[in-house]
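Going by full-length UniProt numbering, the sequence shown runs without a break in its numbering and finishes at 144. All C-beta atoms, glycine included, are put in the ideal place defined by N, C-alpha and C.
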Amino acid sequence: MITMITKSGATNQIPCVGGVVVHEGKLLIVRRANEPGAGRWSIPGGRVEPGETHSQACVREVYEETGVEVMAGRILGSVERPSPSGGTYSIDDFSCVLVGPAQLTAGDDADEARWVTLSELESLPTVDGLLTELKSWYVFDSMV
């Protein structure tokens, strides 16, 4: 597990990333196989590994969970979520561009991967805060 201790030593921060990929008006999402969020839908993502930049981790995580190749762009926003181990996931979510075929193959921490419209996304059980954050980052504007 990768952790960073804050100067106060009060909390463990676990650096993580997410990839926001919109292609032909649809968002790439995965159904989480494991906690946190097992059984619910989210954007692909995970922990930053030693020696990786956040953007490299984003590209790797999207590929591992969906089988698609992307290029990570700018950070859309950052969120914090409690980890089951008592630390805090510190997540940077990147805007990503598809650079290969859109054919999906779920893997790693994902039970399933899908391209969904906004109405489909709104009907699925998603991880806490996902819709609010995507809306605040204007992701839905690119799905019209």
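| Query | Result |
| --- | --- |
| Reducing DSSP to helix, strand and coil, say where Y89 ends up. | strand |
| Can you tell me the Cα-Cα spacing of E133 and S85, whole angstroms? | 24 Å |
| Can you list the alpha helix (DSSP H) stretches of 4 or more residues lying completely in the UniProt domain "Nudix hydrolase" (12-139), in chain order? | 54-66, 118-122, 130-136 |
| Between the Cα of E122 and those of M143, D109, G107, spot the shortest distance and give me the residue it belongs to. | M143 |
| Does the beta-carbon distance from S90 to C16 come in below 8 Å? | yes |
| From V139, V127, V48, L27, pick the residue whose C-alpha is nearest to that of P36; which is it? | V127 |
| Given A72, which residues of its chain have a CB within under 6 Å of its CB, disregarding the five upstream and five downstream residues? | S55, C58, V59, F94, C96 |
| Taking the straight line between their C-alpha atoms, what separation do you get for E69 and G107? | 14 Å |
| Please report the distance separating the alpha-carbon of residue 163 from that of G77. | Because residue 163 is not part of the residues shown, which for the chain are 1 to 144, the question remains open. |
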